[in-house]
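The structure appears right after this line, and notes come after that.
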Amino acid sequence: MNEPLAQFQHWYEHAAAAGVAEPEAMALATATPEGVPSVRFVLLKGIDERGVEFFTNYESRKARELVANPHAALAVLWKPLQRQIRLEGPVEKLSDEESDAYFASRSRGSQLGAWASQQSQAIPDREWLEARLASFEAEYPATVPRPPHWGGFLLRPEAIEFWEGRPNRLHDREAFTRGADGAWHARRLSP
Numbered sequence: 002m003n004e005p006l007a008q009f010q011h012w013y014e015h016a017a018a019a020g021v022a023e024p025e026a027m028a029l030a031t032a033t034p035e036g037v038p039s040v041r042f043v044l045l046k047g048i049d050e051r052g053v054e055f056f057t058n059y060e061s062r063k064a065r066e067l068v069a070n071p072h073a074a075l076a077v078l079w080k081p082l083q084r085q086i087r088l089e090g091p092v093e094k095l096s097d098e099e100s101d102a103y104f105a106s107r108s109r110g111s112q113l114g115a116w117a118s119q120q121s122q123a124i125p126d127r128e129w130l131e132a133r134l135a136s137f138e139a140e141y142p143a144t145v146p147r148p149p150h151w152g153g154f155l156l157r158p159e160a161i162e163f164w165e166g167r168p169n170r171l172h173d174r175e176a177f178t179r180g181a182d183g184a185w186h187a188r189r190l191s192p
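Okay, so the sequence shown: first residue is 2 according to my numbering, each after it adds one.
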């Protein structure tokens with residue numbers, strides 16, 4: 002394996018084809034500038050030679066932490082396949098054009114939900130949220146534009162580790178780090 006992002010794509014496609022439930026679920030770890038960590042699940046929405054894409058509300062806790070401290074870690078676990086991938090690296094916002102293109106591909110309900118939700122903010126009750134949704138349904142009866150507070154991030158990995166379960170806990174681990182020249186350097190790790 003010479004290109005770990007291509008290998009990640011291959012493993013993801015295998016997990017999806019194997020019927021693994023929610024193969025796109027990834028744990029995203031962020032931290033405040035002071036180093037206080039937090040983790041939550043997000044959905045993988047793209048893998049290419051640049052890195053890994055996911056989308057969120059820019060006013061959410063994770064987005065605020067990514068803007069203040071633009072480094073993160075991702076972990077994907079496909080337990081039925083005994084496979085796991087970890088990635089670490091700097092994070093940047095995707096372009097408006099990339100965020101617009103993905104937003105346009107979402108269901109109308111998800112598009113309206115991006116407007117209605119003030120993600121990570123306290124709200125009075127469920128009825129308040131439902132009323133916000135209804136107001137945006139009325140405001141956007143046809144095309145729903147992407148909210149300015151919603152878009153994508155790209156994690157540009159500097160480290161990727163592949164883990165595959167094996168008998169007797171002698172698991173297979175291969176780690177890649179990106180050198181200053183941009184080339185990936187591989188090493189095998191003891192389980």
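A virtual CB, placed ideally from N, CA and C, is assigned to each residue, including glycine. Here the structure is a predicted model, which is why all the values come from computation and not from measurement.
From what residue to what residue does the beta strand (DSSP E) around residue i run?
| i | result |
| --- | --- |
| Gly-152 | 151-156 |
| Gln-8 | Unbroken run through Gln-8 is the alpha helix (DSSP H), 5-18; no beta strand (DSSP E). |
| Val-77 | 72-79 |
| Glu-54 | 53-58 |
| Arg-188 | 185-190 |
| Leu-45 | Taken as a continuous stretch (DSSP letters only), Leu-45 belongs to no beta strand (DSSP E), as it is neither H nor E. |
With DSSP run on the structure shown, which of helix, strand or coil describes residue i?
| i | result |
| --- | --- |
| Val-198 | In the structure as shown, the chain starts at 2 and stops at 192, and residue 198 therefore has no counterpart that could be examined. |
| Asn-169 | helix |
| Pro-91 | strand |
| Gln-85 | strand |
| Ala-105 | helix |
| Glu-175 | strand |
| Gly-180 | coil |
| Leu-113 | helix |
| Glu-23 | coil |
| Glu-162 | strand |
Since residue i and residue j should fall inside the 8 Å C-beta cutoff, what is the C-beta to C-beta distance between them, to a whole number of angstroms?
| i | j | result |
| --- | --- | --- |
| Thr-33 | Lys-63 | With 8 Å as the limit, Thr-33 and Lys-63 do not qualify as a contact, their Cβ atoms being about 11 Å apart. |
| Gly-52 | Arg-157 | 4 Å |
| Ile-86 | Glu-25 | In fact, because the Cβ distance is near 12 Å, the residues do not count as touching under 8 Å. |
| Phe-55 | Gly-153 | 7 Å |
Within a Cβ cutoff of 6 Å, which residues of the same chain sit near residue i, ignoring the five residues on either side of it in sequence?
| i | result |
| --- | --- |
| Ala-160 | Glu-89, Thr-178 |
| Ser-121 | Ser-61, Arg-62 |
| Glu-4 | none |
| Ala-115 | Pro-148, Trp-151 |
| Arg-189 | Glu-175 |
| Ala-69 | Pro-34 |
| Arg-133 | Ala-117 |
| Val-77 | Met-27, Ile-86 |
Return the chain-ordered list of same chain residues with a C-beta closer than 8 Å to the C-beta of residue i, the five sequence neighbours on each side being excluded.
| i | result |
| --- | --- |
| Val-40 | Ala-28, Leu-29, Ala-30, Thr-31 |
| Pro-192 | Arg-167, Arg-170, Leu-171, His-172, Asp-173, Arg-174 |
| Ala-123 | none |
Which residues mark the beginning and the end of the alpha helix (DSSP H) in which residue i is found?
| i | result |
| --- | --- |
| Glu-128 | 127-140 |
| Arg-65 | 62-69 |
Within a Cβ cutoff of 7 Å, which residues of the same chain sit near residue i, ignoring the five residues on either side of it in sequence?
| i | result |
| --- | --- |
| Arg-73 | With the sequence shown as reference, residue 73 is identified as Ala, and Arg is not the correct amino acid for it. Cβ neighbours of Ala-73 beyond the five flanking positions: Leu-29, Ala-30, Thr-31, Leu-67, Val-92, Leu-156. |
Is it true that the stretch 10-25 meets the stretch 66-86, where meeting means three or more beta-carbon pairs spaced less than 8 Å apart? yes
Can you confirm whether the stretch 108-117 touches the stretch 135-142 when touching is taken to mean that 3 or more C-beta pairs between the two stretches lie within less than 8 Å? yes
Is it a yes or a no for the stretch 90-104 touching the stretch 44-61, going by three-plus beta-carbon pairs under 8 Å? yes
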